[in-house]
Structure formats: C-alpha cells, structure tokens
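By the count of the numbering used here, the sequence shown reaches residue 626 at its end, each step adding exactly one.
Built from N, CA and C at the ideal position, the CB exists for glycine as well.
Please read the structure below before turning to the comments.
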Amino acid sequence: MDILMALAELAPYVDSVPSGSGAPGSVGAGALAAALAKTQKQLGHEVTVALPLLDAFTAGLMVSRRLTPLTLADGGQVTVHDAQLPSGVKLVLFDRDGCFKGEAPFADEDADQLAERVGTLVKAVRALCEQRAEAGQGFDAVHLFDWPVAPVALTGIPCRTVLTITDIARQGSFPARASEVLGIPKDRAGEARSGNRVSTLKAGISGADVITALSESHAQELTQESHAGALSRALASRSDALFGVDLGVDYALFNPATDAALARRYDAEDPSGKELCKTALLRALELELAPARPLMLFPRELTREAGADWLLQAIPSLLANELILVVPGVGDASLVSRLTRLKERYTDQLRVLPRGIEGEASLRRLLSAADFCLLTPRVDHTALDWMLAARYGAVPVAHAVGALAARVVDADAELVTGTGFLFDDASAAGLSGAASRAVTAYHKPRFAALRRQVLRSSVSWDRPARRFQQLYRG
Numbered sequence: 153m154d155i156l157m158a159l160a161e162l163a164p165y166v167d168s169v170p171s172g173s174g175a176p177g178s179v180g181a182g183a184l185a186a187a188l189a190k191t192q193k194q195l196g197h198e199v200t201v202a203l204p205l206l207d208a209f210t211a212g213l214m215v216s217r218r219l220t221p222l223t224l225a226d227g228g229q230v231t232v233h234d235a236q237l238p239s240g241v242k243l244v245l246f247d248r249d250g251c252f253k254g255e256a257p258f259a260d261e262d263a264d265q266l267a268e269r270v271g272t273l274v275k276a277v278r279a280l281c282e283q284r285a286e287a288g289q290g291f292d293a294v295h296l297f298d299w300p301v302a303p304v305a306l307t308g309i310p311c312r313t314v315l316t317i318t319d320i321a322r323q324g325s326f327p328a329r330a331s332e333v334l335g336i337p338k339d340r341a342g343e344a345r346s347g348n349r350v351s352t353l354k355a356g357i358s359g360a361d362v363i364t365a366l367s368e369s370h371a372q373e374l375t376q377e378s379h380a381g382a383l384s385r386a387l388a389s390r391s392d393a394l395f396g397v398d399l400g401v402d403y404a405l406f407n408p409a410t411d412a413a414l415a416r417r418y419d420a421e422d423p424s425g426k427e428l429c430k431t432a433l434l435r436a437l438e439l440e441l442a443p444a445r446p447l448m449l450f451p452r453e454l455t456r457e458a459g460a461d462w463l464l465q466a467i468p469s470l471l472a473n474e475l476i477l478v479v480p481g482v483g484d485a486s487l488v489s490r491l492t493r494l495k496e497r498y499t500d501q502l503r504v505l506p507r508g509i510e511g512e513a514s515l516r517r518l519l520s521a522a523d524f525c526l527l528t529p530r531v532d533h534t535a536l537d538w539m540l541a542a543r544y545g546a547v548p549v550a551h552a553v554g555a556l557a558a559r560v561v562d563a564d565a566e567l568v569t570g571t572g573f574l575f576d577d578a579s580a581a582g583l584s585g586a587a588s589r590a591v592t593a594y595h596k597p598r599f600a601a602l603r604r605q606v607l608r609s610s611v612s613w614d615r616p617a618r619r620f621q622q623l624y625r626g
C-alpha cells in the first residue's frame, strides 16, 4: 500500500506530549504517528508523512526544497520540501511565507493566525493528494491525526481517509466565519458546525471513512457527553465507523535484551540480569542490598489524575510490608509536600527522586530494577505505562480502569494465570489491598513464572499496524 499520514508534529523532533508527561496513558499524535509509520514501512508499505515545515525539522534533518511549488485550491501556493527518516519513511514538508515559524505554531491564541496555519496545512495536504492522483500515483489511504488536519476528510480527496483522535479536549474550535480559511469546502461547511462555531475535529468526524480511538474503551468514552462534550453526538452517530485500535511500543527502543542503559541485559528466557539491575539501583539509592524485599516503582508525577493521592494515603499500610518504594518527587505542590514528610518517616523504605524521572533512559533503568509497577490512574486510554512495565518485567499493580482493565489479567492466588494485580475500588484501600497481594505473591515459588509471563506480553506495534492496514483497505 501507499500510505500518506498527515499531522502537525512528529516525534522526536516535535512532540506535544513527551514520554512521561501528560495524563497517565496519554500519547501525542507525533509519537503515535512516528511509531506507526516506522512499523508500516518495516511491513513493506510505502509511507509518506506530510507536515508543516517546522524549525525543528530544518535543524534536525537534511531537507531539500522542490523547485516547483504546489498550487492550492484557493489559488495560493506552498513551497514543498522533502526529507527522509532513518527508517526510510519519506517526509513532505510545507511552507507558505514562513507561516509555521516559532516553537509552537499550533498553540497560538490568535484565532485568525491559527486558522490561517491550519488552513494552509489542510489545503496543502489536499493539493498533494490530488496532484499524486492526477499523475497516476495516488495514495491508497490518508491517515489524519487530530484537529489540525481533520478537515482534509471533507475535501473529497480521491482516497480512503482515516482519522485518529488522541485528544478529544482539543477540538479546533473557531468562529464560523473561519470555515473557508480552514480549507473546509463551502458546500460542506455545515458538517463542521458545532453550535455557533466551526470545529475542525467535527469536520474530520463528519467526513472520514474511518475514525479511530486509542483503545476500545477510549472509543466507547468518545460517544459519552461527559468525556467528549459537544462532539459526543457526532461520534455516536458515526459509531459504525468508530474503532478502538490498541497502541504498541517500539521494540528497538524498549528492549531489555539490547538496552545499553541497563546495568545488565536480560529477557524472558534468562531474566537473571533483572536482579543485577535491581542491585545497581539499590546501590545508587544508598539502600540496603536486600533482594528479598520487593521494589515497587510509581512511574508518574504526583497528580490526582495519576492516583498519587491514593498512593500517599496508602504508604503507611504499604510500607508495613517489607518492601521498597521509589516515587518521583515532582508534581502537584501539595502532594510533593506530603511525600516529603513521609520520606522523613520511612528513611529505610521510601526513596524520592527529587528531579523526577529524567528521560526515557532513566525510566528504563527504573523499570528494569522494579519488581512491581504501581499504575493507579483515574482514567487510562492506552495502557501505555503497562506496556513499558511489562516490557521490562515490572509486574503491574493496576487500577482496573479503561485500557488497563482490558489489558491486565488479574493473577489468581496460585499464580497460574494472570499478568498483574488489579484493584476495582478507586481508593487508597483498593491500592493497598492489591499491593499486599503482590507482596505475598513475590515470596511464592511461582512468582518467577509470573514475571516471565509478563515479560512475554506482546506489546509491539506489529499487531496495531496490521489492524490499521485492514482499516485502510476497508
């Protein structure tokens, strides 16, 4: 297949939701598209990603400018630049008189200027698709990500369109008069109306052949007014075209068998290196080298969204067990203050990372050392934190909510089945109960088998990419 992906950012060059930031289970369009494009290329497809010419691309890539500009439907022109990623994925970058200059051109609060930028990108993607079709080299599918490019689905481009929604809170709301500037055809402007305004995301929902969410549970939530607001009705009316597609992790980046950041490499067949990773972390944290004590990691900043208030309330009962708890010391000021007071009380069992988890390499080292990973969000659309924990054999103690409830199988008392320890009660008591079950399991002979089972969890991008291929074909 010949696939075009279109969006306003691409990791690692520009990523509005860097790894470890944002709400638990959140992922930015830039990271999602980068991983999916790479995997589709590995599966033998031609993949092109269309983007605005952002400063980060010219700084980080070899970019060449085409001699012939691209003519838009409004008679204007954009210059086109080409680049290629190490994966072989092609980039097509658009510019119109430097309108995409600046650190965050799609975060501009000036509605007119933002509409101009969105419209330029939408019209450029449309023109590229039409130019390729006229040359007999049309794309088989165009995959649009979020509100900045969603109106492309209303422009009648000659190929199948798929719209992925990663953040329903950003709906691309503009004054109704901006419709034409945004690249929305006059005869379809009504399909983009949301109240007395126009929504670029509503345009995409109305026009796309397929709409995808970050998981099945996320797809269900998108049809609920409490979650999607005014767009819930539009999404519910397209429920036959709305699908949840689970995400994955990049095995080239997250692989304990090859990870140079670890004290010792390991895998499911020989996980012995994980104990050496744990020993290295205990030394670094100046803790007693006591492998018999399980190590639990809380991998998120201290926020209510992440369930950190439950964690802090549960710490006394958690640490009544013989275990070590590692927690980032950043987040909401009131929660950080409470954690600081608790740290002074539990000097031998509680370690606080004063600067938080500093980058992906640090996260991978912590996961490689952890016996358990505490995943306690109030809402989770992707189970991404679970995927990373599973990849490194950190058995999840997780709140049974959203995608986590779908992906983690609660372990039975004999540890014959299961991939973690779930709690339904959204409270400190629920968390404490699941953690106590985990500690009991840690001292059972079959815990090693449970950890191997977790390490063998299939969380690569291969299966999601193949599911997207089915949706591209229809």
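In the displayed model, residue 423 falls within coil according to three-state DSSP, outside both helix and strand. Excluding five sequence positions before and after residue 193, the CB atoms of its chain that fall closer than 6 Å to its own CB belong to 199, 239, 240, 241, given in chain order.
When beta bridges are read from the DSSP output, residue 312 appears opposite 293. A Cβ-Cβ separation of about 5 Å places residue 519 in contact with residue 546 under the 8 Å criterion. The beta carbon of residue 161 sits closer than 8 Å to those of 167, 168, 180, 181, 182, 203, 206, 258, all from its chain and outside the five residues before and after it, given in chain order. With 16 or more other CB atoms across the displayed protein chains lying within 10 angstroms of its CB, residue 247 is buried. Between residue 609 and residue 539, the CB-CB gap stays under 9 Å.
Beta-bridge analysis with DSSP links residue 236 to 242.
Within 10 angstroms of the beta-carbon of residue 595 lie fewer than 16 other beta-carbons, which makes it exposed.
By the criterion of at least three beta-carbon pairs nearer than 8 Å, the segment 397-416 is not in contact with the segment 493-504. Beta-bridge analysis with DSSP links residue 551 to 575. Judged by DSSP in its simplified three-state form, residue 303 adopts helix. Here the segment 344-353 makes contact with the segment 316-335; the two share three or more CB pairs at distances below 8 Å.
By the Cβ neighbour-count rule, residue 376 is exposed, with fewer than 16 other Cβ atoms within 10 Å of its own. In terms of Cβ geometry, residue 201 and residue 153 do not form a close pair [threshold 9 Å].
At a Cβ-Cβ threshold of 9 Å, residue 521 and residue 449 count as neighbours. DSSP, reduced to helix, strand and coil, places residue 606 within a helical segment of the structure shown.
By the CB criterion at 9 Å, residue 431 and residue 415 fall inside the cutoff.
Taken in chain order, the whole alpha helix (DSSP H) runs of length 4 or more contained in the segment 465-527 are 485-497, 512-521. The beta carbon of residue 496 is closer than 8 Å to none in its chain, skipping five residues each way along the sequence.
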